[in-house]
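**Q** There's a structure below that I have some questions on.
Number of protein chains: 2
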Amino acid sequence: MKQEILDLRQKMQEVNVDAYVVSTADSHNSEYVGEHYRIRQWLTGFTGSNGTLVVTQKDAKLWTDGRYFIQCEKELSGSEITMMKMGEPDTPTVWEYVAEVAKNSEKTFRVGFDGRTIPKKQVEELFNKSKKAGLSEEKLPEIVIEQDLAGELWEATDKRPKRAMERIRLLDKSFTGADVAEKLTKVREAMEKEACNQFFLSKLDDIMWLFNIRGNDVKFNPMALSYAFVTKERSFLFVQPEAVSEALKGYAGAFDIVICEYDDVFKFLKEYPYEGKTLVDFSEISIMAYKAISEGCGEEQIINGKNPTLELKAVKNETEIQNMREYFVKDSAAMTKYIYWLKNGEHKKLTELEAMEKIDSLRSEVKGCMGLSFTTIAAYGANAAMMHYEATEESHAICDNKGMILTDCGGQYPGATTDVTRTVALGEVSKEEIADFTYVLKGFLALMNAKWLKGCTGRNLDILARQPLWKRGIDYKCGTGHGVGCYLNVHEGPQNIRWKYIGDMEEAVLVPGMTVTDEPGVYIEGQYGIRTENTLLVRAEEENEYGQFLSFENLTWVPIDMDLVDLSILNKEEIELLNTYHRACVDKLAPYLSEEELNWLKKL
Amino acid sequence: MKQEILDLRQKMQEVNVDAYVVSTADSHNSEYVGEHYRIRQWLTGFTGSNGTLVVTQKDAKLWTDGRYFIQCEKELSGSEITMMKMGEPDTPTVWEYVAEVAKNSEKTFRVGFDGRTIPKKQVEELFNKSKKAGLSEEKLPEIVIEQDLAGELWEATDKRPKRAMERIRLLDKSFTGADVAEKLTKVREAMEKEACNQFFLSKLDDIMWLFNIRGNDVKFNPMALSYAFVTKERSFLFVQPEAVSEALKGYAGAFDIVICEYDDVFKFLKEYPYEGKTLVDFSEISIMAYKAISEGCGEEQIINGKNPTLELKAVKNETEIQNMREYFVKDSAAMTKYIYWLKNGEHKKLTELEAMEKIDSLRSEVKGCMGLSFTTIAAYGANAAMMHYEATEESHAICDNKGMILTDCGGQYPGATTDVTRTVALGEVSKEEIADFTYVLKGFLALMNAKWLKGCTGRNLDILARQPLWKRGIDYKCGTGHGVGCYLNVHEGPQNIRWKYIGDMEEAVLVPGMTVTDEPGVYIEGQYGIRTENTLLVRAEEENEYGQFLSFENLTWVPIDMDLVDLSILNKEEIELLNTYHRACVDKLAPYLSEEELNWLKKL
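Laid out in structure tokens, this is it:
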């Protein structure tokens, strides 16, 4: 067993904790977190963005989702930590498992975790599952939330990265389309609907969106570590003092925003002179913040409601949409140049790392590019079967003049966050690879060209992308699509495209202005991986006696590698859709491409 | 205002009832009910199978669903009863409406209804909606359930039909595939899972299925009015004395079934010496029966659980499947002969009534036919835009040598209940009609040939049938499909194919052995209606690393009218599917068709 786990077990014994839970989250329940917060990764070696570790004296188990099964197994090998496949029929959830272990304990079972990183809702889940497992009210587990046992161990090694504290930047209205005052008005309307006078917000991208600010505390995500507290008259923004510029101070003054110290938030929440009810979202708020507020205003005054900024942020306004359209075209041009280079460039022995560097450098040259929106995946051959593979200096494949390379990447721009995947043939490919690619393409086109009645969620639409693959007896073990932020996180809710919802996954009605990716794929372990991904925007079509129809506007304009398409598998509508798409790519990308690149594109 | 409603208002005043609710159901929450129970129809004139009337001193409102909007409006015209469109965004539910009226009442609001006809769950719904409307615990409406005000009025006219009491028949194991003892064992296993010693069942088709009996108390549905009560050791069957034959007595003796009097059930439920918990399904059990049981065993001993017979009955066994396959072919032959007659027969002035009589008579000639499974719909031209139109002696269309006739019908056989719809051209048809028909066909074929991973419900699959129409900006305001019984009701749950679920609609995972119809359509008010419907059976495909794949086996083999198909709208896969389907029709129907009929079929 890894020394880190053994040390943790030692600590657990010292403070009498029977099970210790380490999630991936920071204090804001973020999907992607700063280096400082990667405790679970340090403990286990698993680098994926979704994983929860549960350590007892007997076991160490790590839950992750279908995107990471192959990668996680690899990274855990030799560690004696068991991977738990989230969402598989026989896998208990984290809390079901903890409840089951608690049930078999003779004394009161004590569950420990860093209370800043576990949301209130998950604690409720622990208690619910415990009751369901048959534990009586008196025998329910006790939670120990004040001690960051694993974090302390990491600190003690002197190797834990410092917490990031980068300067906060203001984002201009020409990008946001609405100033903080307008946004606060909408938030307060939502508060009023819930009859709440206060609203506490800990979700980083929502705070960035609400205050029209951006930070650099999380790699790839323009986030500043922060909390927000909104009352009927005022708004409080908790940020690290080092992050505050003179410009931010002036801006805060102009919009009557009170700047407070990040680390004072729990004290503030305990001591605030609350009036009436306070709105929080149990799926976001940490148990620590929840306890602080309940100390301040009493538990019965806390209203668990949907965080109102979630949907406000998800529905892009006209300014955002206009910017997104433009930046997506520029970003698509970089990706198209990259594909041209892959297919026509001179590279004796191409490596995944070179490919990665090429697309990253092409993207960095795009005017306005602020960086990448996530680590570029350039995965050759069997590596592409790992949905979130990352090539490194130490370990990367050398590409051959055959097979396929999958590249999934995106950029951050002041007016857009992009996300695109293309799979490209590097030479000879098998009939099976071509067939799989073409069936993925069928699903990709079917979803992109969907039209539906308002009221549908991703659950209704998902089968359009999956049906051609299901007919071949193939599935991809992840959702078909996720929401995309606007110069925010590359994964954004509440909307998504999935056929089943497990655990806490949200299912939201798709409304005009929402973005969503369309990314079906085929992943054959040990052989190859295929994914084709565009970002789409929900837009209104006609409204008639049947209701309001909706469809997608396509934002991504990157060609499909026709070397991988078997036209005999496509029907005439699909061929027409593909041709129309390629003609649009030519029109939109022409200003950004060289003559050779454009000529190549025109011939697709 | 109709005299019946005025009389009801008078009665309401006498017993101090502020709102009176009349649903469509009998005492078993049946979808289709015997003549004796059609109180709502008698009061309002609306003949549809789904409608709930709420009468106050000021208003009379009738809720119905999208299948009946056109018909209901017609039938209510001149009555001052307002139609309420269920499921439309702005329509409150029945109980939301009652709660809203209650809220505006100064005194305690009294809601009356026949307590045998309103399920416990709906009463809970009334209270929930009342709380949501802002009524405090003390101001919640009072329910008055002992008085069947409307029924008494009808009785007083001397025109109310007597309650049916037909002889009960036994169904042989060669049709049921499992005897009552085997079925009771499964029910008791389900009871044990819920730690219940008693189970009360009031759903007629479930009782028929469980005891392998059939009745004739409801037209088209082989039901006997009955209740069942199952304990760990015994089973009690409540039926009308007139329904009990010597054979049933012997059978009951052999399987240790206690035959009791139907009208004694409430007394029995009050007086039974309960041991431990009793399982009931709140969505089925009437509030009257619920009250009786709670008097008998105490409310805290009643467990609200899914009625276990529902899914047991829905998953057909091998014997049932084998019988269904055979009877569906025979039934399809009758329908095919009918279509041949429509298209090639000599009829100077065809009427809807003649068409109806023709298919009904052809079906009655099928060996084993026990009758129809519902009133045949033969709707010409604009009449077909009414999803559940019924031609009568008094009112029916004369068909012209142009346009389309829609025929939706089915039969009862000892081994199957069938349900099929075909729309047929009677001569010249418009381009629009052909296009709409072809897009319906595309959706019909897409769903029929679907393949999916186990875990999907009808919500996942529905868009396959609807997408081609949605792309044209057209919708049909009903589900795409419903479960079908096996010599039971033509509508059977819990499974169905829908894109949204309103009110109490159930959403169930599709599993092998379940049946479901595939019936997309286009309904253009005042112009025409199109529907194509087959009955499908869920079956297992391969199980692999992605999970268990499922698909449909087609049960209905009736040709599609190629005069209505624009081949240029179909893609090559669809044309191939259609050809394969027609070849299979030829193979399966050949033994039952005349030479002319077969030759015609072969040429399609």
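Keeping their order, the protein sequence lines are chains A and B.
Residue numbers for the first sequence follow the numbering used here, beginning at 1 and rising by one.
Residue numbers for the second sequence follow the numbering used here, beginning at 1001 and rising by one.
Each residue gets a CB set at the ideal place from its N, CA and C atoms; glycine is no exception.
Quick one: residues in its chain with C-beta nearer than 8 Å to the C-beta of B/Cys1456, no 5 flanking neighbours on either side, listed in chain order?
**A** Locating residue 1456 of chain B in the second sequence gives position 456, counting from the first residue. So the qualifying residues of the chain are Val1509, Leu1510, Leu1550.
**Q** DSSP three-state label for B/Arg1466, please.
**A** For this step, residue 1466 of chain B is matched to residue 466 along the second sequence. Looking at B/Arg1466 - three-state DSSP - the assignment turns out to be helix.
**Q** Suppose you measure from the CA of B/Asn1401 to the CA of A/Asn571; what does that come to, to the nearest Å?
**A** Position 401 of the second sequence, counted from the start, is the residue given in the question as residue 1401 of chain B. Position 571 of the first sequence, counted from the start, is the residue given in the question as residue 571 of chain A. Straight-line Cα distance between these residues: approximately 36 Å.
**Q** So, at 6 Å on beta carbons, what are the nonlocal neighbours of A/Phe113 in its own chain, with the 5 sequence-adjacent residues on each side left out?
**A** Residue 113 of chain A sits at position 113 when you count from the first residue of the first sequence. Closer than 6 Å at Cβ, skipping near neighbours: Val21.
**Q** Name the residue from A/Val522, A/Asp587, A/Ile569, A/Leu593 whose alpha carbon lies nearest to the alpha carbon of A/Arg67.
**A** Residue mapping note: residue 67 of chain A aligns to position 67 of the first sequence, counting from 1. If we check each option's Cα against that of A/Arg67, A/Val522 comes out closest.
**Q** Specify the secondary structure class of B/Val1440 as computed by DSSP and reduced to three states.
**A** Start at 1 with the first residue of the second sequence, and residue 1440 of chain B comes out as number 440. B/Val1440: helix per DSSP, three-state reduction.
**Q** Identify each residue in the stretch 1543-1558 of chain B for which the Cβ-Cβ distance to at least one residue of chain A is less than 7 Å, and report them in chain order.
**A** Under the 7 Å Cβ criterion, the stretch 1543-1558 of chain B contributes Asn1544, Tyr1546, Gly1547, Phe1549.
**Q** Looking at the unbroken alpha helix (DSSP H) that takes in B/His1582, where does it start and where does it end?
**A** Here the question's residue 1582 of chain B lines up with position 582 in the second sequence. 1572-1589 is the span of the alpha helix (DSSP H), which, as asked, contains B/His1582.
**Q** Alpha helix (DSSP H) containing B/Val1280: first to last residue?
**A** If you number the second sequence from 1, residue 1280 of chain B lands on position 280. Unbroken run through B/Val1280 is the beta strand (DSSP E), 1277-1280; no alpha helix (DSSP H).
**Q** Pair every Cβ in the stretch 192-209 of chain A with every Cβ in the stretch 481-490 of chain A, then say whether three or more of these pairs are closer than 8 Å.
**A** Touching, per the Cβ criterion.
**Q** Of all the CB atoms in chain A, is at least one closer than 8 Å to the CB of B/Ala1178?
**A** Position 178 of the second sequence, counted from the first residue, corresponds to residue 1178 of chain B. It does not: the Cβ of B/Ala1178 has no partner Cβ on chain A nearer than 8 Å.
**Q** Taking a contact to mean a Cβ-Cβ separation below 8 Å, would you say A/Gln322 touches A/Ser373 in this structure?
**A** Numbered from 1 along the first sequence, position 322 holds the residue referred to as residue 322 of chain A. Numbered from 1 along the first sequence, position 373 holds the residue referred to as residue 373 of chain A. Not a contact, by the Cβ cut-off of 8 Å.
**Q** Using C-beta distances below 7 Å, list every residue in its chain close to B/Glu1275, excluding the 5 sequence neighbours before and after it, in chain order.
**A** Taking the second sequence and counting its residues from 1, the one referred to as residue 1275 of chain B is at position 275. Here the set comprises Asn1197.
**Q** Verify the contact flag: B/Ser1136, CB atom, against every heavy atom of the ligand ZN, threshold strictly below 7 Å.
**A** With respect to the ligand ZN, the structure offers nothing, as it holds no ligand at all.
**Q** For A/Gln495, which of A/Leu567, A/Lys316, A/Gln13, A/Ser130 has the nearest alpha-carbon?
**A** Against the first sequence, residue 495 of chain A aligns to sequence position 495. Checked all of A/Leu567, A/Lys316, A/Gln13, A/Ser130; the closest Cα to A/Gln495 is A/Lys316.
**Q** Could you confirm whether any beta carbon from chain B is found closer than 8 Å to the beta carbon of A/Leu201?
**A** Your numbering for residue 201 of chain A matches position 201 in the first sequence. Answer no: the Cβ-Cβ gap between A/Leu201 and chain B never drops below 8 Å.
**Q** Quick test of the definition: if touching needs 3 or more C-beta pairs under 8 Å, does the stretch 235-255 of chain A touch the stretch 279-286 of chain A?
**A** No, they do not touch.
**Q** Quick check on the burial criterion: 16 or more other C-beta atoms within 10 angstroms. Buried or exposed for A/Val15?
**A** By 1-based counting over the first sequence, the position of residue 15 of chain A is 15. That one is exposed.
**Q** Which ranges would you report for the alpha helix (DSSP H) in the stretch 33-82 of chain A if only whole runs of at least 4 residues count?
**A** Here the runs fully enclosed are 39-44, 69-76.
**Q** Whose Cβ in chain B lies nearer than 8 Å to the Cβ of A/Asp462?
**A** For the purposes of this step, residue 462 of chain A is taken as residue 462 along the first sequence, with counting starting at 1. Neighbours of A/Asp462 on chain B, chain order: Asn1460.
**Q** Do B/Leu1126 and B/Val1111 count as a contact pair if the criterion is CB distance below 8 Å?
**A** Counted from its first residue, the second sequence places residue 1111 of chain B at position 111. Counted from its first residue, the second sequence places residue 1126 of chain B at position 126. A contact, by the Cβ cut-off of 8 Å.
**Q** Mind checking B/Gly1078: buried by the 16 CB within 10 Å criterion, or exposed?
**A** On the second sequence, residue 1078 of chain B is found 78 positions in, with the first residue counted as 1. Exposed: under 16 other Cβ atoms inside 10 Å.
**Q** With 16 as the cutoff for other CB atoms within 10 Å, does A/Asp26 come out buried or exposed?
**A** Within the first sequence, numbered from 1, the residue matching residue 26 of chain A stands at position 26. A/Asp26 is buried by the Cβ-count criterion.
**Q** Might you give, ordered along the chain, the residues of its own chain that have their beta carbon closer than 8 Å to the beta carbon of B/Glu1035, omitting 5 neighbours on each side?
**A** On the second sequence, residue 1035 of chain B is found 35 positions in, with the first residue counted as 1. Cβ within range, chain order: Pro1161, Ala1164, Lys1219.
**Q** Give the straight-line distance between the Cα atoms of B/Lys1471 and A/Phe69, rounded to the nearest whole angstrom.
**A** Counting from one through the second sequence, the residue named residue 1471 of chain B turns up at place 471. Counting from one through the first sequence, the residue named residue 69 of chain A turns up at place 69. The straight-line gap from Cα to Cα measures roughly 37 Å.
**Q** Would you kindly report the start and end of the unbroken alpha helix (DSSP H) that includes A/Trp452?
**A** Position 452 of the first sequence, counted from the first residue, corresponds to residue 452 of chain A. Counting along the chain, A/Trp452 falls outside any alpha helix (DSSP H), though it belongs to the beta strand (DSSP E) covering 451-453.
**Q** Can you name the residues of chain B whose CB is closer than 7 Å to the CB of A/Lys471?
**A** Counted from its first residue, the first sequence places residue 471 of chain A at position 471. Here the neighbours are Lys1451.
**Q** If we define contact as Cβ-Cβ less than 8 Å, is B/Gly1345 a contact residue for chain A?
**A** For the purposes of this step, residue 1345 of chain B is taken as the residue at position 345 of the second sequence. So no, B/Gly1345 is outside the interface.
**Q** How would you write the range of the alpha helix (DSSP H) that B/Phe1211 sits in, first residue to last?
**A** The residue labelled residue 1211 of chain B in the question sits at position 211 within the second sequence. Taken as a continuous stretch (DSSP letters only), the alpha helix (DSSP H) holding B/Phe1211 covers 1204-1211.
**Q** Beta carbons nearer than 9 Å to chain B: which residues of the stretch 568-583 of chain A have them?
**A** Per Cβ criterion, the list reads Asn571, Lys572, Glu573, Glu574.
**Q** Taking Cβ positions only, does B/Gly1455 come closer than 8 Å to chain A?
**A** One-based indexing of the second sequence puts residue 1455 of chain B at position 455. Closer than 8 Å: yes.
**Q** Using beta carbons (cut-off 8 Å, strictly below), is A/Asp400 in contact with chain B?
**A** Locating residue 400 of chain A in the first sequence gives position 400, where the first residue counts as 1. By this cut-off, A/Asp400 is not an interface position.
**Q** According to the neighbour-count rule (16 or more other Cβ atoms, all chains shown, within 10 Å of its Cβ), is B/Pro1591 buried or exposed?
**A** Indexing the second sequence from 1 puts residue 1591 of chain B at position 591. That one is exposed.
**Q** Should A/Val258 be labelled buried (16 or more other beta-carbon atoms within 10 Å of its own) or exposed?
**A** Position 258 of the first sequence, counted from the first residue, corresponds to residue 258 of chain A. Exposed, by the Cβ-count rule.
**Q** Residues of chain B with a CB under 9 Å from the CB of A/Gln467: which are they?
**A** Stepping through the first sequence from its first residue, residue 467 of chain A is reached at position 467. The answer, in chain order, is Ala1446, Ala1450, Lys1451, Trp1452, Leu1464.
**Q** Please decide whether B/Asp1504 counts as near chain A, where near means a Cβ-Cβ distance under 8 Å.
**A** Along the second sequence, one-based indexing puts residue 1504 of chain B at 504. B/Asp1504 does not count as touching chain A.
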